[in-house]
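S.K.: Below is one structure. I have some questions about it.
Numbering (UniProt numbering), first residue to last: 1 to 53.
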């Protein structure tokens, strides 16, 4: 898990998300691992939205 990517996605910081995804691709991270990280981040974002009100 890429903590920086998780936090950027949860904070809806598109620039950092794209930067981190591109960096992972350049470093040879398997695409399915990147997708798994993004799916986890979507869950965190949903959780924050549900319980922030």
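Virtual Cβ for every residue (Gly too), placed ideally from N, Cα, C.
Looking only at its own chain, which residues have a Cβ that is under 8 Å from the Cβ of residue 2, when we skip the five neighbours before and after it?
M.R.: Here the question's residue 2 lines up with position 2 in the chain shown. Answer for residue 2: 20, 24 and 37, listed in chain order.
S.K.: Please tell me whether residue 10 and residue 45 are closer than 8 Å, where the distance is taken between their beta carbons.
M.R.: Here residue 10 is taken as the residue at index 10 of the chain shown, counted from 1. Here residue 45 is taken as the residue at index 45 of the chain shown, counted from 1. For residue 10 and residue 45, yes; Cβs fall inside 8 Å.
S.K.: So residue 50 and residue 6 are supposed to be a Cβ contact under 8 Å. How far apart are they, rounded?
M.R.: Position 50 of the chain shown, counted from the first residue, corresponds to residue 50. Position 6 of the chain shown, counted from the first residue, corresponds to residue 6. So it is not a contact: roughly 17 Å between Cβ atoms.
S.K.: Counting along the chain, where does the alpha helix (DSSP H) carrying residue 45 start and finish?
M.R.: Working through the chain shown from its first residue, we reach residue 45 at position 45. First-last of the alpha helix (DSSP H) with residue 45: 31-51.
S.K.: I need the straight-line Cα distance from residue 28 to residue 35, nearest angstrom please.
M.R.: Stepping through the chain shown from its first residue, residue 28 is reached at position 28. Stepping through the chain shown from its first residue, residue 35 is reached at position 35. Distance between the alpha carbons of residue 28 and residue 35: 14 Å.
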